[in-house]
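For reference, the structure is listed below as structure tokens.
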Amino acid sequence: MGPIKQRAVVESMPVYVPGKSIPNAVKLSANENPYPPLPAVVSTLADQLAGINRYPDMAAVEVRTRIAEHYGVRFEEVAVGAGSVEVAQQLINASASEGDEVIFAWRSFEAYPLMVQTAGATQVRVPLTADERHDLDAMAAAITERTRLILLCTPNNPTGAVLKHDEVERFMQAVPNDVLVVIDEAYVHFDDDPNSVNGLDFFRRYNNVAVLHTFSKAYGLAGLRIGYAIAPEQVADNLRRVAVAFGVSALAQQAAITSLNAEQELQERIDVIVAERARVAESLIAAGWKVLPSRANFVWLRTGDRTPELDALLKEQGIVARGYGDEGLRITIGTPEMNDQVLQALSLVSPVS
Ligand SMILES: *Cc1c(COP(=O)(O)O)cnc(C)c1O
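Take the sequence shown: its position 245, counting from 1, is numbered 517 in the numbering used here, and each next residue is one higher.
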């Protein structure tokens, strides 16, 4: 018996290899919120449990209504998915397939290449600038007749750099108005740069902009899986067409509503994380490390060929960060105690300046 016929592109994709679990390690590898769920979320989930013999609301009417109200957009312009990763896949599947091109910066979110390949489309990776930012001029120059989608990630995962309002305005002038631009704002709640692009503002002013948000990071619901796009109605309709049926559980839908209603409490946690990000960056810089500004809930160290060594050192010290080959290390900002542990561990080695 020969091998089973499968898509070659799929078989060329890497298989996710789970990291070794290290007992009692501090997990700072996935940009999760270090704080436990809000009591109001726990109580919402407890209420929902008795109903899990039923399918969730496939149209997610209540949560989409609440999101629409929160941002002053129309219900029809909101599409949800099992995490914004699923919504990103919906956006790619609805926009591009064989022969079409999807442009994104690289390095950026590691799910982008896999999602584009899954859709059968062609990736167009545009290298970051030397200061870890999107090279928007090069991205504009990469647009061709085949371009179907452009992904902008701000703050960028894993570098933490943001796109500025003015540069995105300039970029949009170069994008044909029938090519969709997706602004992935997974970390927007941690972005305190007043000059950063505001995706919703661009959504309102351009007919070809969609914004991606998630409840996984600032809102602390990573384990529940819910994210959403605010997109032109035509696109949002298509996202619902390609969505996994019943992909967003009732627990996730209701927890999202509870979280939007508890923004004040969540903001206090976000403020602590943002303050800690500054403290960690300043301490590392004082110790001789090169740290560029991050507006997300992580710091990025361009550690080059010392990355495996430093990644291993952190593991020995009970900290799981995210190492990227011989490029760099991304360390999520945790609680103050966790961050102290990181600083302590990194003080044991010579800095990469
Ligand atoms: C974490 C992340 C997401 C969202 O993940 P979900 O948990 O699927 O919502 C989306 N985009 C980027 C860039 C991320 O880092």
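In this text, a Cβ means the ideal position worked out from N, Cα and C, and glycines have one as well.
Between which two residues does the alpha helix (DSSP H) containing I261 stretch? Residue numbering for the chain in the displayed model covers 273 to 625; residue 261 lies beyond these limits and cannot be assessed.
Would you mind sorting R418 into buried or exposed? The rule is 16 or more other CB atoms within 10 Å of its CB. Counted from its first residue, the sequence shown places residue 418 at position 146. Exposed: under 16 other Cβ atoms inside 10 Å.
Can you tell me the Cβ-Cβ gap for A393 and I364, rounded? I've got them flagged as a contact below 8 Å. Working through the sequence shown from its first residue, we reach residue 393 at position 121. Working through the sequence shown from its first residue, we reach residue 364 at position 92. The pair is a contact, with the Cβ atoms about 7 Å apart (cut-off 8 Å).
State the start and end residues of the unbroken alpha helix (DSSP H) segment that holds P580. As a working note, residue 580 is residue 308 in the sequence shown. T579 to E588 is the extent of the alpha helix (DSSP H) around P580.
Is it the case that the Cβ atoms of D456 and L484 are separated by a distance below 8 Å? On the sequence shown, position 184 is the one that residue 456 refers to. On the sequence shown, position 212 is the one that residue 484 refers to. A distance below 8 Å separates the beta carbons of D456 and L484.
Quick one: measure Cβ to Cβ for A524 and L496, integer angstroms, because I've assumed they're closer than 8 Å. Here residue 524 is taken as the residue at index 252 of the sequence shown, counted from 1. Here residue 496 is taken as the residue at index 224 of the sequence shown, counted from 1. Your pair A524 and L496 checks out as a contact, with CB atoms roughly 4 Å apart and the cut at 8 Å.
Is there contact here, the region 347-354 with the region 494-512, by at least three beta-carbon pairs under 8 Å? Verdict: yes, contact present.
For P399, the three-state DSSP class (helix, strand or coil): Working through the sequence shown from its first residue, we reach residue 399 at position 127. Strand, per DSSP.
Residues near D329 in its chain [Cβ-Cβ closer than 8 Å; skip 5 each side]: On the sequence shown, position 57 is the one that residue 329 refers to. So the qualifying residues of the chain are A522 and Q525.
Top-ranked residue by Cα proximity to P399, from E341, A410, T390 and V313: What you label residue 399 is simply residue 127 of the sequence shown in a count that begins at 1. Out of E341, A410, T390 and V313, A410 has the C-alpha closest to the C-alpha of P399.
Could you pull the start and end residues of the beta strand (DSSP E) that I364 belongs to? On the sequence shown, residue 364 is found 92 positions in, with the first residue counted as 1. That residue, I364, is in no beta strand (DSSP E); its alpha helix (DSSP H) goes S356 to S367.
Within the present structure, is the beta-carbon of N303 separated from the nearest heavy atom of ligand 2 by less than 7 Å? Here the bound small molecules are ligand 1; ligand 2 is not part of this structure.
In chain order, what residues of the same chain have a beta carbon less than 7 Å from the beta carbon of A558, not counting five sequence neighbours either side? Within the sequence shown, numbered from 1, the residue matching residue 558 stands at position 286. No residues qualify anywhere along the chain.
Assigned exposure category for H342 - 16 Cβ within 10 Å defines buried: Counting from 1 along the sequence shown, the entry for residue 342 is found at position 70. With fewer than 16 Cβ atoms within 10 Å of its Cβ, H342 is classed as exposed.
Counted within 10 angstroms of its Cβ, other Cβ atoms place Y327 as buried (16 or more) or exposed: If you number the sequence shown from 1, residue 327 lands on position 55. Exposed, by the Cβ-count rule.
On the DSSP bridge assignment, give the partners of V571 in chain order. Numbered from 1 along the sequence shown, position 299 holds the residue referred to as residue 571. Beta-bridge partners of V571 (DSSP): I603.
Residues bridged to R594 (per DSSP): Counting from one through the sequence shown, the residue named residue 594 turns up at place 322. BP columns for R594 point to R602.
CA-CA distance, S380 and Q320? Against the sequence shown, residue 380 aligns to sequence position 108. Against the sequence shown, residue 320 aligns to sequence position 48. Each residue's alpha carbon lies about 36 Å from the other.
Under 8 Å by Cβ, that's how I've got I339 and F462 pegged, so tell me the actual separation to the nearest angstrom. Position 67 of the sequence shown, counting from 1, holds the residue named residue 339. Position 190 of the sequence shown, counting from 1, holds the residue named residue 462. So it is not a contact: roughly 19 Å between Cβ atoms.
Ends of the beta strand (DSSP E) at T486? The residue labelled residue 486 in the question sits at position 214 within the sequence shown. The continuous beta strand (DSSP E) containing T486 extends over residues V481 to T486.
Would you mind working out which of A527, M444, D473 and A402 sits nearest R336, comparing C-alpha positions? For the purposes of this step, residue 336 is taken as the residue at position 64 of the sequence shown. Cα-wise, what sits closest to R336 is A527.
Could you check how far apart the C-beta atoms of A383 and A368 are, in whole angstroms? I think they sit under 8 Å. The residue labelled residue 383 in the question sits at position 111 within the sequence shown. The residue labelled residue 368 in the question sits at position 96 within the sequence shown. Rounded, the Cβ-Cβ distance is 15 Å, inconsistent with contact.
Does the distance between the C-beta of N429 and the nearest non-hydrogen atom of ligand 1 fall short of 7 Å? As a first step, residue 429 must be located in the sequence shown, where it is residue number 157. Answer for N429: yes, Cβ within range of ligand 1.
Please confirm whether A366 and V507 have their CB atoms less than 8 Å apart. Counting from one through the sequence shown, the residue named residue 366 turns up at place 94. Counting from one through the sequence shown, the residue named residue 507 turns up at place 235. Yes, Cβ-Cβ distance for A366 and V507 is below 8 Å.
Count the CB pairs spanning the region 585-595 and the region 531-549 that are closer than 8 Å, and state whether there are at least three. Contact between the region 585-595 and the region 531-549 is absent, because fewer than three Cβ pairs lie under 8 Å.
Is the CB-CB distance between A446 and A412 below 8 Å? Working through the sequence shown from its first residue, we reach residue 446 at position 174. Working through the sequence shown from its first residue, we reach residue 412 at position 140. With respect to A412, A446 sits close: the two C-beta atoms are nearer than 8 Å.
Any heavy atom of ligand 1 closer than 7 Å to the Cβ of K299? Within the sequence shown, numbered from 1, the residue matching residue 299 stands at position 27. No, the beta carbon of K299 sits no closer than 7 Å to any heavy atom of ligand 1.
Figure out for me which residue from E581, T607 and Q613 has the closest Cα to the Cα of V624. Here residue 624 refers to the residue found at position 352 of the sequence shown. Out of E581, T607 and Q613, the CA that lies nearest to the CA of V624 is found in E581.
Report, in whole angstroms, the separation of the C-beta atoms of P427 and R567, which I expect to be a contact under 8 Å. Translated into positions along the sequence shown, residue 427 becomes position 155. Translated into positions along the sequence shown, residue 567 becomes position 295. About 4 Å; that satisfies the 8 Å criterion.
Considering only their Cβ atoms, is the gap separating R549 from I605 smaller than 8 Å? The residue labelled residue 605 in the question sits at position 333 within the sequence shown. The residue labelled residue 549 in the question sits at position 277 within the sequence shown. Here I605 is near R549, since their CB atoms are less than 8 Å apart.
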